[in-house]
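*Asks:*
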Amino acid sequence: MILTAASGETLWARFERVAAARADHPALIQGDTRTSFAELAAAALRYGRAFRDAGVRPGDRCLFFSTNRPELAAAMLGAWRAGAVVALLNDEAPLAHLEHAIRVVAPAALVTADSDAGRVAGLFDGPLVALGGGGLPPADNRPAAIVDPAEPASIFFTSGSTGMPKGVTQSHRTLVEACISVGGHLGLGEADRILCPIPWSFDYGYGQLLSTLLLGVTQLLPTERNALAICAALEAQRPTVFAGLPSIFALLLRGVSTLRTTDTGSVRLVTNTGGPIPDAIFAELQTAFPASAFSLNYGMTETYRSAGLPPALAASHPHSVGLAYPGVDLRILREDGSEAGPDEVGELVHRGTGVFMGYWGDPEATARVLRPDPFAPADGQTPKVVFTGDLAVRDREGLLTIRGRRDRLIKSMGVRVSPDEIEALLHGSGLVAGAVVAGLPHDIYGQMVVAAVVARPGIDGLDRQLKAFARTVMSRHMQPRHYLVVEQFPLTPNGKPDHAAIRRLLDEATANPRARSA
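The numbering of the sequence shown is this note's numbering, which starts it at 65 and goes up by one.
Here it is in structure tokens:
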């Protein structure tokens, strides 16, 4: 595996080097389908020809609407070879999000599976490139397009849980440097096989794909999008690394799953991002993966990855996201812009490697998040940094813990409350498979704490039991006043709870008490 970066590499140039060194090694395995690096490179040449024949020019955007599959990886590589910018949206996204993405990036071509062509054809009047099936032209043997590594490589859409997704734009140089940094931190090697049940359209799933394309690590893809397929891949494909999210771990441990009887002995490392793993689920996860170390990570689509906890500290610091990755400098700022001290909560600011270029076509939203570096020397050019909107604290050992979003804080009875803290306590009851907490306007409290929960099987009278439990572990201003019991949460296309949709359900339930479940 090639871990050193050549100066000025684009994603295509980097992949070309990796594919030459790992030609016969499997790049992607999905069920019985094995795609070597040489086969992936050959398919990329054909897709690259298809894009050029469709009129795609360097700097144009190609919008991909697909689930994870080998053809998608090949087509993305072909677009980069043609000099295009890859914009990716998961095919489970609502068509309204696809229409929005088409308006935002104005693609020169839309790429989707044959089976989805009819569904999307009416939304786009430009060239359609089909994934899978026949019809691809011969390989493009012309030289790859010349692209400056500082130019945009990809546009990835935020989850859209609080509004229409924004197009996060990253450069070739940033993605190559950040991928190498994270791969080194995780100790990825030639023998590793990463199981990735996360959509590539989600930044953490994209990071796993880049580990394959840029580092030469084999990636394993479940054949279906459910817990049973993940367990089948764990058993049959023998991954060494399992990349997950709290929602995936909850599904595996609390949903319809065979994880507890699945042989996980091949997995040396389980990685997590997307929020803290509730204590009760983390304890069960450690039991389910007894041979594994755990790497707890933090990052945003706008920063690639920011920090990771050394696996040796996971048991003693299960809520921490650890230390900044090499090349990243993380600062915590008070409301007045000064730097917070140890154990003091403030907004996390990401400097250095991983900083995005901006939101495509949205300079106002960009200016709110991507701001001049307040710590840059006054006599030089001021770089931009990401004001994450996440609240964090650094302990006296230098370890970071995320305390939630600034825009999700609840002010109940005059006290600011973190929904994340309440959700973690509800998980600790052992009564719920999932919990989402929100604050709704209240004439007396200012905001009233409410919670939507998914019950564990066999639990009766959940509302009553949770209220009794909350009185034992939460201050009065933290205790949810209403519980809405649902069979499952609405999810964003990236697999996270859809907070906007859940809040609407909570609004309706509290407005109409008869709608509440108990």
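C-beta atoms are modelled at their ideal positions from N, C-alpha and C, and glycine is treated no differently. This one's a predicted model, so the numbers in the text were calculated from it and none came from an experiment.
Following the continuous beta strand (DSSP E) through leucine 315, name the residue where it begins and the one where it ends.
*Replies:* First-last for leucine 315: 310-318, but that is the alpha helix (DSSP H), not the beta strand (DSSP E).
*Asks:* Apply the 10 Å Cβ neighbour rule to threonine 328 and answer buried if 16 or more other Cβ atoms are within range, or exposed otherwise.
*Replies:* buried
*Asks:* Taking only the alpha-carbon atoms, compute the straight-line gap between alanine 355 and leucine 292 and give it to the nearest angstrom.
*Replies:* 21 Å
*Asks:* In or out: glycine 224 buried (at least 16 other Cβ within 10 Å) or exposed?
*Replies:* In this prediction, glycine 224 scores a pLDDT of 49, lower than 50, which makes its location untrustworthy; no coordinate-derived value is stated.
*Asks:* Give me whichever residues DSSP pairs with proline 90 in a beta bridge.
*Replies:* Ser100, per the DSSP bridge assignment.
*Asks:* Return the first residue and the last residue of the beta strand (DSSP E) that leucine 252 is part of.
*Replies:* Unbroken run through leucine 252: none, as it is neither H nor E.
*Asks:* Restricting to Cα atoms, I'd like to know which of Arg545, Leu377, Ala515 and Gly231 is closest to proline 561.
*Replies:* Ala515
*Asks:* When you compare only the Cα positions, how much space is there between serine 482 and glutamine 543?
*Replies:* Taking the Cα positions, serine 482 is about 12 Å away from glutamine 543.
*Asks:* By the three-class DSSP mapping on this structure, what secondary structure does proline 505 have?
*Replies:* strand
*Asks:* Run through DSSP, which three-state label would leucine 373 get?
*Replies:* coil
*Asks:* Is the beta carbon of leucine 394 closer than 8 Å to that of leucine 464?
*Replies:* yes
*Asks:* Just verifying my parser: in three-state terms, what is the DSSP assignment at arginine 13?
*Replies:* This structure cannot settle anything about residue 13, because the visible part of the chain is limited to 65 through 582.
*Asks:* For alanine 579 and glycine 182, I'd like the C-alpha separation in whole angstroms.
*Replies:* Per-residue confidence for alanine 579 stands at a pLDDT of 41, beneath the threshold of 50, marking its modelled position as unreliable; no derived number is given.
*Asks:* What residue range does the beta strand (DSSP E) around glutamate 135 cover?
*Replies:* Unbroken run through glutamate 135 is the alpha helix (DSSP H), 134-145; no beta strand (DSSP E).
*Asks:* Below 8 Å on the Cβ atoms is my guess for alanine 297 versus proline 286; work out the distance and round it to an integer in Å.
*Replies:* 5 Å
*Asks:* Going by the DSSP bridge assignment, what does cysteine 126 pair with across the sheet?
*Replies:* Val150 and Ala173
*Asks:* Excluding the 5 residues preceding and the 5 following valine 537 in the sequence, name in chain order all residues of the same chain whose CB lies nearer than 7 Å to its CB.
*Replies:* Excluding residues within five positions, the ones whose Cβ falls inside 7 Å are Leu489.
*Asks:* Relative to the C-alpha of leucine 250, which candidate in Val305, Val211 and Leu187 has its C-alpha closest?
*Replies:* Ranked by Cα distance from leucine 250, the options Val305, Val211 and Leu187 are led by Val305.
*Asks:* Report the option in Asp407, Asp180, Pro303 and Ile345 whose CA atom is closest to the CA atom of serine 130.
*Replies:* Asp180
*Asks:* Going by beta carbon distance, what residues of the same chain come within less than 8 Å of leucine 67, once the five residues before and after it are set aside?
*Replies:* Low confidence applies here, because leucine 67 scores a pLDDT of 49, under 50, leaving its location unreliable; read the following figure in that light. The residues are Ile244, Gly247, Gly248 and Leu279.
*Asks:* Quick check: the region 90-105 against the region 115-131, are there 3 or more CB pairs under 8 Å?
*Replies:* Segments in contact, no.
*Asks:* If distances are taken between C-alpha atoms only, which option among Pro406, Arg81, Ser402 and Ser493 comes closest to arginine 535?
*Replies:* Relative to the Cα of arginine 535, the nearest Cα in the group Pro406, Arg81, Ser402 and Ser493 belongs to Ser493.
*Asks:* Give the single residue among Gln301, Val149, Arg520 and Asp96 whose Cα lies nearest to the Cα of threonine 74.
*Replies:* Closest by alpha carbon: Val149.
*Asks:* Within 10 angstroms of its Cβ, does glutamate 288 collect 16 or more other Cβ (buried), or is it exposed?
*Replies:* Exposed, because fewer than 16 other Cβ atoms sit within 10 Å of the Cβ of glutamate 288.
*Asks:* Are the region 339-349 and the region 407-414 in contact at 8 Å, needing three or more beta carbon pairs?
*Replies:* no
*Asks:* Along the chain, where does the beta strand (DSSP E) that runs through isoleucine 258 open and close?
*Replies:* 257-259
*Asks:* Here's the rule: buried if 16 or more other CB atoms are within 10 angstroms of the residue's CB, otherwise exposed. What is lysine 475?
*Replies:* Lysine 475 comes out exposed.
*Asks:* For the beta strand (DSSP E) that contains tyrosine 547, what are its first and last residues?
*Replies:* 546-550
*Asks:* Since proline 436 is in the beta strand (DSSP E), which residue starts that stretch and which ends it?
*Replies:* Membership of proline 436 in the beta strand (DSSP E) is indicated by the continuous run 434-436.
*Asks:* What's the gap between the Cα of glycine 48 and the Cα of threonine 446?
*Replies:* Past the boundaries of the shown model lies residue 48; the chain is included only from 65 to 582, so the question cannot be answered.
*Asks:* Return the first residue and the last residue of the alpha helix (DSSP H) that leucine 298 is part of.
*Replies:* 291-301
*Asks:* When the distance is taken between beta carbons, is proline 303 closer than 8 Å to serine 330?
*Replies:* yes
*Asks:* Give me the Cβ distance between arginine 415 and valine 449, rounded to the nearest whole Å; I'm assuming they're in contact under 8 Å.
*Replies:* Yes, arginine 415 and valine 449 are in contact; Cβ-Cβ is about 5 Å, under 8 Å.
*Asks:* Assign serine 370 to buried or exposed, taking buried as 16 or more other Cβ atoms, counted over all protein chains shown, within 10 Å of its Cβ.
*Replies:* buried
*Asks:* Return the CA-CA distance between tyrosine 268 and alanine 564, expressed in angstroms with no decimal places.
*Replies:* 21 Å
*Asks:* Using CA coordinates, which residue listed in Gly522, Leu162, Ala209 and Asp407 is at the minimum distance from glycine 231?
*Replies:* Leu162
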